[in-house]
């Protein structure tokens, strides 16, 4: 009799899985039959500290107490050797690796003119470089076994925009480009790659300022969107039920699931004689201006209460 558990027998690596969204993904994947490598550096939201096995070990204990299988890992995703070790640990502990969830992240929010090179480099290093390192470490295993699934975390900070997050937005939009390239490059090996943009109250979102009444109201709305609401979509994307789903971007907002658009041409102008700067100013831009996108932030686009 076939198992009713959607990822039964699969081996899944979840980064940043000691708390928040990652923890809920690890717990749900294990309850749905997966063997889980729970990676967490044990650091703070801004990336300071680390080296604590507590958060990862606690999740492993929860999984084992519920009858599941899991091992803890405390390597940093921003270290290529650490990424190799966590994938190797999955293979050594469970014999293979079937799925990677690139969830680990930090925040160093600053208005752009005050953002330091270190703020930029560390956020890019964890989110974008880290996602690449972990994905690359698993790629050869996926290629050899002719199967595998990646789920990378993006954000509406990159897809739409947010104030004070140039580093985070750049990293998260970079992840979208990487995911699409993986989907294209590795489809011949039956390897899938998708992105999830989560709306959830977590340690990272907890850094949002609450100085104005609007900010306080926004945070109270976000607290309704628990991290557990994100996990089902991620676990589905790791499963064989999603074998035809690749190269996509999904947003999950409480009980809502959105398929997000990807950049495509929306308007064009043509001049048989070619363009001069003045002709562009006189003709091309006026013709396209009605199709310009406004300087929205995420809350402008998702401006209704979560359902």
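In this note's numbering, the protein residues as written are 1 to 307.
C-beta atoms are modelled at their ideal positions from N, C-alpha and C, and glycine is treated no differently.
Here the structure is a predicted model, which means the values were calculated and not measured.
Please work out which residues of its chain come closer than 6 Å, Cβ to Cβ, to residue 38, disregarding the five sequence neighbours upstream and downstream, and give them in chain order.
17, 26, 56, 59, 60, 70, 72
For a quick check, are the C-beta atoms of residue 6 and residue 239 less than 9 Å apart?
The answer is yes: Cβ separation under 9 Å.
Are the stretch 194–201 and the stretch 249–260 touching, with three or more C-beta to C-beta distances below 8 Å?
yes
Tell me which residue opens and which closes the alpha helix (DSSP H) that residue 107 is part of.
Counting along the chain, residue 107 falls outside any alpha helix (DSSP H), and DSSP gives it neither H nor E.
Who does residue 308 pair with in a DSSP beta bridge?
Since the first residue of the chain shown is 1 and the last is 307, residue 308 is not available in this structure.
Quick check: residue 127 and residue 104, are their CB atoms within less than 9 Å of each other?
Yes, the pair counts as a contact, with Cβ atoms nearer than the cut-off.
Could you work out which residue in 20, 101, 40, 282 is closest to residue 236 when comparing CA atoms only?
101
Output needed for residue 269: all residues of its chain with C-beta closer than 6 Å, excluding positions within five of it in sequence on either side, in chain order.
284, 287
For residue 167 versus residue 120, is the C-beta distance shorter than 9 Å?
yes
Could you please give me the residues that DSSP links to residue 39 through a beta bridge?
Here residue 39 is bridged, per DSSP, to 73.
By how many angstroms is the C-alpha of residue 138 removed from the C-alpha of residue 130?
13 Å
Can you tell which of 32, 35, 263, 19 has the C-alpha that lies nearest to the C-alpha of residue 158?
263
Runs of 3 residues minimum, wholly inside the stretch 82–161: which ones carry the beta strand (DSSP E) assignment?
99–102, 148–153
Could you tell me the distance, in whole angstroms, from the CA atom of residue 155 to the CA atom of residue 172?
6 Å
Between the Cα of residue 227 and those of 251, 294, 182, 22, spot the shortest distance and give me the residue it belongs to.
22
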